[in-house]
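Q:
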Amino acid sequence: MHLYVNGESSQAKEGSTVADLVVSLVEAAREGRRGGIAVAVNGAVVPRAAWDATVLGPEDRVEILTAVQGG
2 MHLYVNGESS QAKEGSTVAD LVVSLVEAAR EGRRGGIAVA VNGAVVPRAA WDATVLGPED
62 RVEILTAVQG G
C-alpha cells in the first residue's frame, strides 16, 4: 500500500498499524524504546497508547518525529 512518511513516498503492507511502521523505521522502537517518538497521521497526533490499534490506509500521510539529545 502506498503512503507518505515525513513527506516521502513509502510502502507498507495492507493492515499495517502505526506501531508496525514505527518499528520498521525507527531504531529505538526496534529496541523496545518508544519514548521520545511522536506520530501524526493525516495531521492528527496518534497517542502512543493507540499505535497498536491505529491501522494505516492507502495514501495516508504519516509524520514521525524523534527527540534528539545534544548540546
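Residue numbers for the sequence shown follow this note's numbering, so the first one is 2 and each next one is one higher.
Even for Gly, the Cβ is constructed at its ideal location relative to N, Cα and C.
1. Assign V69 to one of two classes, buried (16 or more other C-beta atoms within 10 Å of its C-beta) or exposed (fewer than that).
2. Where does V19 sit, in a helix, a strand or coil, going by DSSP?
3. I'd like to confirm the pairing. Which residues does DSSP put opposite E11 in its beta bridges?
4. Can you tell which of R35, A51, A29 and A30 has its C-alpha closest to the C-alpha of V42?
5. Can you give me the Cβ contacts of V40 inside the same chain, cut-off strictly under 6 Å, excluding the 5 residues immediately before and after it?
6. Bridge partners for T67 per DSSP, in chain order?
7. Which partner residues does R62 have in the DSSP bridge list?
A: Put simply:
1. Along the sequence shown, read from residue 1 onward, the residue named residue 69 stands at position 68. With fewer than 16 other Cβ atoms inside 10 Å of its own Cβ, V69 counts as exposed.
2. Here the question's residue 19 lines up with position 18 in the sequence shown. In the structure shown, V19 sits in a helix (DSSP, three-state: H, G or I).
3. One-based indexing of the sequence shown puts residue 11 at position 10. In the sequence as displayed, the identity of residue 11 is Ser instead of Glu. BP columns for S11 point to L4.
4. What you label residue 42 is simply residue 41 of the sequence shown in a count that begins at 1. Closest by C-alpha distance to V42, out of R35, A51, A29 and A30, is A51.
5. What you label residue 40 is simply residue 39 of the sequence shown in a count that begins at 1. Cβ-Cβ distances below 6 Å link V40 to V19, V47 and I65 in the same chain, with the five nearest sequence neighbours on each side left out; the list follows chain order.
6. For the purposes of this step, residue 67 is identified with residue 66 of the sequence shown, where counting begins at 1. Note: T67 sits in a beta bridge opposite I38.
7. The residue given as residue 62 occupies position 61 in the sequence shown. For R62, which the question treats as bridged, DSSP gives the partners Y5.
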